[in-house]
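So the sequence shown is numbered by this note's numbering: it starts at -11 and just counts up by one.
The beta carbon of each residue, even a glycine, is placed where N, CA and C say it ideally should be.
One structure is given below, encoded as structure tokens.
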Amino acid sequence: MNLAELKNKEIVTLYSDIIAELKNRKIIRTKNLLGDLGEYLAIDYYCNTPGCPNLQAAPPGTQNIDAISRKGERYSIKSTSGNLTSVFYGLNDSESTEPETQKFEFVIIVLFSDEFKLKKILEVPWTLFLSHKRWHKTMRGWNISITKKLIEEATVVYSSENE
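Shown next as structure tokens:
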């Protein structure tokens, strides 16, 4: 099928049909399309790559984590097509002097291109997360900037540059 030959209305209908099929296959579970795609691709990649732990999706509504390994390691998965993750809630406020309670062992950051093609999957352990997290004043939560330093320090689990 040559998409360039389709009329605008046909493209919109095709997009709707694809979304419906992704929901039917349980790849997309919520209205957070990019987040759901990232979670699916990360879990699928980990489960099908030798040397990576097998992950399973955490039950819907589980706080702070999106996947669990067979060893019980907890993973938060964040997807972005920009240079900033979404917010991590449930952590201490920026003004808190209390020690941070560990909410997960790893953050998996799924990086997409502007066209939503998978670019990279990064794995960030808790201690590295703590050193890179930044307070988002408006959202009253923490996020991570995708910097060159973060990419150098994180484990690059997947990169489309290697294909």
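Taken through DSSP and simplified to helix, strand or coil, residue 79 comes out as coil.
For residue 99, there is no enclosing alpha helix (DSSP H); the residue is found in the beta strand (DSSP E) stretching over 94 to 100.
In this chain, the alpha helix (DSSP H) harbouring residue 31 covers 21 to 35.
In the three-state reduction of the DSSP assignment, residue 141 falls in the helix class. Around the C-beta of residue 31, 16 or more other C-beta atoms lie within 10 Å, and the residue is accordingly described as buried. The beta carbon of residue 137 lies closer than 6 angstroms to none in the same chain, with the five residues before and after it left out.
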